[in-house]
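Take a look at the structure set out below.
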Amino acid sequence: MELPPRWAFLLFLLLSSTKASGSAVDKEEFQEELLLKPLPDRKVLAHFHFETRAPPCNSNGRRHHHLFPKAISQMVEKFRVKEMELSFTQGRWNYERWGGFDTMSSNNAKPPGVELWAVFDVPKEQVDASWKNLTHTLSGLFCASINFLESSTMYSAPEWSFRQASGSLRYGMLPREAVCTENLTPWLKLLPCRDNAGLSALMDRPSIYTSFYHSQRLHLTSNASDLEGLNPGIVLEQTLTVVLHPSSQRTSLTHISESYLQPSWSLSSIFGRKVNGRCALAKSSKVYLQLERGLVSELKKNIGSEGYDVEANFELSFNPDRVLTEENSRHGIGSSLLYEFSVDKYSNSKPFDLGLTWKFPVIWSCQQAPLHATRFLMGSGNERGAIAILLKSTDLNDSSPVADSASDGCELHVNIFQIVPWYIRVYYHSLQLFVDDQLKAVGAFVEKIHVMPSKDKISPGMMEMVLKLPCGVKSAALTLDFDKGFLHIDEYPPDANQGFDIPSAAIIFPNFHASMHFPSNDSERKSPMLSKFQESSPVLSYTEVLLVPLTTPDFSMPYNVITITCTVFALYFGSLLNVLRQRVGEKERLLKSKAAAVKTGRPSELLSRLSTKLRGRSQEPSQSPSESSPLINSKLVLKVLLMAALAVAWQYYFG
Amino acid sequence: MPKTETETPKMKPRPIVRLGIFLISHSLLVSVVCCTAGVLALLLLPLLAKNTYISENALMPGSASSMISNRDISEANRLASDLNGLNFKPQDSAAVESRRILTKYMSDLGAEVSYHKFHYKPNQFHPLHFFSSPDSTSSVKNLSCSAHGVNTVGIIRAPSGDGKEAIVLVTPYKFGKSGAAETLSLSIAYTVFSLLSRVTWLAKDIIWFVADSQYGEYAPVEAWLRDYHTPVFTGLGTLNADRCVKIDDPYVFEQKSIAQRKISDGFRRAGTMAAALILKVADRNAMLEDTLNIYAEASNGQMPNLDLINIVNYLAVHRQGLRVKVEKVLTLLDSRWLEILGQIFELLGKVARSLNPGWKFGISAADYIEGSATLASSLYYQALGIPTGPHGAFRDFQVDAITLEISPKVSPHNKARHNEFLLRGGRLVEGVIRSINNLLEKFHQSFFLYMLTSPSKFVSVGVYMIAFALLVAPLPLVAASLYADANQLDLGVKNTKSTPTTTASDELDITFRSWKWLYAAKEVFLIHVWGAAVSLLPYFICQIPNCSPTSSSVIWVFLSMLSLLILYLIVGSPSTHVYISQSEEKGEWAILKSATISAVFIGLLVMSVVNFAAAEIGALLLVPMCLMAQPLKLDMKAGKLRSFLRIICNVVLGFIAFPPAAFFVVKTIFEGFDSINMGDFWNWMESLWAWNSATYIYIGLVTAGNVQFRSSPWTLPWHSAPCP
């Protein structure tokens, strides 16, 4: 109620936009969606999906944007970005508990930190220049240090393993980038309603940033030429994936035996906010609640033979507008359910606060990728180590959603794509492959391998590999030995003693595709999120980021280092000068004149000679009024002792 | 140095050379002064100890209030009572059952639980493996199923952490036959674990490692760390273990509880370890308050970063009000001479303060005694090179770790105090973990080389090096002076007789003589080779079955004597002897001594880099002996009172510096004469080599050096035997 002017303004904008762009085809449009999904380990996944489309450029190239962010379109235009994805992630996606086989995990589970890849539509020799410019632009746009990806040591060009793109793909990761609101705000700024209205109003910063995982993603597809006619213009897809803990969860744990009742939650309990209606500029604004396959089949079991009464297990605070059932003709293990809620009819006075209350305990598990991948470091010490990638079978006994290749010859293809910074000097010849606990020849299982060894201070090492494993494989392990390199003093980052990161490796299963088909309502166009689900994409998972401790100089003691260095230099140059300065002839002459004096080399005589010498000199300056005692030795000893005592005292009091 | 000296008379020496010559010519005085100063500096160390301070600002210990609630404690009590309820069952099933209960509790907290099976194999000395790092591939095949254990590992993944680092919490626990104290340590760990499973500030993963301590506390930790860092993929070991461990099937669970959260058999990891805490609860102590014992010494005298000890000490003293102790030599506490020394220092401090109130170096006599007892134990354990607890295993992988042993005031059965004790222990561990969690970098800010004189006072490397440097300083001087004496004695005689212009034959003679030290060096080298051989002997003696420690040590001594005799017969054969006059014999002896001293000096310096404390103790034993040593024959011939005294000193020092003798002497002093047993020495040595302690090699070296001196008085007579 307090926003009438803004509403009016937005409405005006909407109207003007519709008016301005005449035909329906090349209209800019914006759609917002939110998917909620209970997870097996008592958490809730919230997945915001915003899609903005802009029609392709006209022949003149300049255009006025109504909804589409101008910064993005200019960027796309200038650097000729064909496709790009930028993600900011905090936390790790738990592949075991939150699933590793669905579109959610393979599209939205990202490695911690920043990941950026882009495909350019420029000649090959200009790709690097475009990439550099792009990183700087994005860095400014998102308040992040993406510009560090500019340096050639930080990015690489995968050829085929990560994504098919012939030479125009660049890929870089910043595992240490801290992600916070300063990155979210510019991201929200790209939305027409920002977070003032619509579903994005739910994004309460404290609840998002205390979540277990959150990943904000920006995916850009542009088709400058409208020749294909399929995907016109630029499509900006912004997603935010959050895994949250319903706050009521812990209180119920006091009775451990009963705690298997899943926690009940509502939008207001997990986000602390409610939806007060849709963003006026959005073409559609929908909230979905997804119950995945495993859960649906468990729920059906729970009820007994009733068959289809899944809803008896829980209670929804609002009635869904539609219930969609997944079309899966191939695997008969039940299909996931999707409850659709349209936010259009809710308003400030009648806010939308979807709640889910469980009535019966239920336990299920998510679908797993065929192999679960972990990566870890081996060895200790500052000299060398090894990287190991361990793939373990996840027992696909409960579900066999095995895709295309399961039947024929049964081979499991695994793509591994890994970038290693140059100071981790990986010896690729030391690649060892263990299949089912036995050392195997690499050639027998590696179908294709592409290695770019690192060049010091120029480029990182990159490994792309296709493994061909038998279907019944229990485990496979890869090890690669490396040496730890030394960095130049000014190449160390600020927190050098923490160690150095090896970015996540990507494990891709090219012949497993995760897709969900929901029956489309003919009347309207499919929602962008559901069509995204429908796209079949290979199952992809990321491994952990590794931390390698390297030898670091002691930065905290520059003074000591300078002092020692200077002393060494002074000693060295002093003695060198001394040697160079002496004339050989003079020495001989001196030797001759003193030949008589030098009779013996015995220490005692030498000493007496020495002492006379010393005495003679000590009398000469005569600064000390004291007597020139014959006991010069004891005096010297005294002096030395005094100096030593002074030094000790000084060390004790001031040291 | 000797080289330059022979040349110096010809030209004007530079001041530094002159200083050197001065010191060398007064080597006797210098060595007496330096040695006295060295011993004095060692005794002064407790005075020079500084207060510890937290060097890394990021740690911020105690800046957050504790979050442990009563619910965590009641959960932990439930776990403890569940575990105690199994005490009446037979041991095997109780072990399985208790593991199952523990697993259930852990996974209820949302932790990832896995079992780690390991084979216990007693440490065995192998000369070829002495220098290599422990590798897991070898000797897996011939393992029997008799000795295996199952550790339980629970991992909490930090919410919104990147999983690069982990903090390890270790609780040794005897599954199936645990005492109340062990269960208590488990409940403290559970309290903390349960808290950590729901906090949001966690940035590093937490690993709770319940070590199956039926084969000692070190072995399971070490096995797990080895599998963590150098896993074997060929699966030989795991298969074996699987065959043996048949009773506990981790998959059989009540289907209700954790149907899908299955306990994976696979090894679970959590990134690079930042630090590790080993938590133990001792049975009740005699003290009037709860005490905390800190053990920190790892293998070869390595210490964890001082900051780790600092935060534990800070939190224990200032937050939880525990009394913190570190290990000390108890017998030193009531030794009379130390007390007198302490009083002298106290007096000196008072005098100094009266002169200038700003000077505060005096400490009270009681503090001094306490400090030196602690320092002595610190020195001893570092010198020994045997870890004082499971934390030693972590240090081998460059992870900072300490053992915290909390001993409650009352027995763990007392219910009333029980919860309060849990709360204090839990808060302490929570605070330490939170501090480490704050740390972005790994521990590097504070000292790694230090000795503790009390939990809050330390002596840093810069200070304690002084004592060692003073002790060692005379050695090169004496060696140089001996060498110069031996060479120039003859030179001087020649020069007085002949004209200053030397003939060609004389020059040849001189060059020949200047290489004479090679013979001495050869002799030293041979004796050291013998020392190495003697230190390898135990490996073969170990192979003899059914050998009691006493008999094996007797065999050892016998074999070493025999080998020495053989060596002497081969090398010291009279065929090499030449005509040697009295003075030349003396000269030869001097060169031999100087070569030995140089070798000892180099050995001590190298050892001071490897293990400072061992070098310090070695220097204390060796330096006086090196300086005093003199062939008995020569002294006997002299027959004066002075030389008689010298003989006595020589014999006593030579005896004391002989490691077995030193061991027994120290043992007699501390434990009385009755407890002496030949086997003890064997056991002691066995522990040294089993732990791959560098001290072991060093003892071989010391023995060799010692034997050098003892044998040389007798080899020389042999050389001079045909002398008319």
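In order, the protein sequences belong to chains X and B.
Residues 1 to 655 (the numbering used here) make up the first sequence, in order.
Residues 1 to 724 (the numbering used here) make up the second sequence, in order.
We put the beta carbon where it would ideally sit given N, CA and C, even for glycine.
The model shown is predicted, which means the values in this text are computed figures rather than measured ones.
Beta-bridge pairing of residue i - partner residues as DSSP gives them
i, result
"B:ILE206", "B:ILE156, B:ILE167"
"B:VAL326", "B:ILE294"
"X:HIS49", "X:GLU33, X:THR239"
"B:ILE402", "B:LEU277"
"X:ILE234", "X:ALA54, X:SER222"
"B:ASN51", "B:LYS457"
Distance, residue j Cα to residue i Cα
i, j, result
"X:VAL640", "X:ARG589", "34 Å"
"X:ALA157", "X:GLN164", "11 Å"
"B:GLY110", "B:ARG157", "9 Å"
"B:PHE525", "B:ALA166", "48 Å"
"B:LEU277", "B:ARG434", "12 Å"
"X:SER365", "X:GLU96", "9 Å"
"B:VAL170", "X:PHE101", "35 Å"
"B:GLY764", "B:ALA532", "The structure shown does not extend to residue 764 of chain B, since chain B is modelled only from 1 to 724, so the question has no answer here."
"X:LEU571", "X:ALA647", "21 Å"
"X:PHE139", "X:GLN498", "Looking at the sequence shown, residue 139 of chain X is not Phe but Ser. Rounded to whole angstroms, X:SER139 to X:GLN498 spans 25 Å at the Cα level."
"B:LEU379", "B:ALA614", "8 Å"
"B:GLY492", "X:GLN582", "Low per-residue confidence applies at B:GLY492: pLDDT is 39, beneath 50, and the placement is therefore not dependable enough to give any value."
"B:VAL39", "B:ALA467", "7 Å"
Assumed close pair residue i, residue j - CB separation to whole angstroms, cut-off 8 Å
i, j, result
"X:LYS468", "X:PHE445", "6 Å"
"X:VAL426", "X:GLY461", "5 Å"
"B:LYS409", "B:GLU289", "6 Å"
"X:GLY198", "X:ARG273", "12 Å between Cβ atoms; not a contact."
"X:LEU149", "X:GLY113", "Rounded, the Cβ-Cβ distance is 11 Å, inconsistent with contact."
"B:SER107", "B:PHE267", "Incorrect: roughly 17 Å between the Cβ atoms, too far for contact."
"X:ALA476", "X:PHE434", "7 Å"
"B:LYS55", "B:GLN445", "With the sequence shown as reference, residue 55 of chain B is identified as Ser, and Lys is not the correct amino acid for it. At roughly 4 Å, the Cβ-Cβ gap stays under 8 Å, so B:SER55 and B:GLN445 are in contact."
"B:ALA147", "B:TYR120", "4 Å"
"X:VAL275", "X:TYR346", "6 Å"
Any C-beta of chain B under 9 Å from that of residue i
i, result
"X:PHE482", "no"
"X:PHE376", "yes"
"X:SER380", "yes"
"X:TRP650", "no"
"X:PHE684", "Chain X is shown only over 1 to 655; residue 684 of chain X falls outside these bounds and no answer can be derived."
Any C-beta of chain X under 9 Å from that of residue i
i, result
"B:PRO159", "yes"
"B:ARG353", "no"
"B:HIS116", "no"
"B:PRO231", "yes"
"B:ASP212", "no"
"B:GLU346", "no"
"B:LYS89", "no"
"B:LYS164", "yes"
"B:GLU327", "no"
"B:TRP359", "yes"
* Asked: Taking one C-beta from the stretch 218-225 of chain B and one from the stretch 157-164 of chain B each time, how about it: are there three or more such pairs within less than 8 Å?
  -> no
* **Cβ contact check for the stretch 473-481 of chain B and the stretch 61-78 of chain B: 3 or more pairs under 8 Å** => no
* Taking three-plus beta-carbon pairs below 8 Å as touching, is the stretch 182-201 of chain X in contact with the stretch 209-219 of chain X? -> yes
* Are the stretch 503-518 of chain X and the stretch 317-327 of chain X touching, with three or more C-beta to C-beta distances below 8 Å? -> yes
* the stretch 205-213 of chain X in contact with the stretch 238-245 of chain X per 3-pair CB rule at 8 Å -> yes
* Does the pairing of the stretch 446-457 of chain X with the stretch 334-353 of chain X give three or more beta-carbon distances under 8 Å? -> no
* At a cut of 8 Å, does the stretch 183-197 of chain B reach the stretch 420-436 of chain B through at least three beta carbon pairs? -> yes
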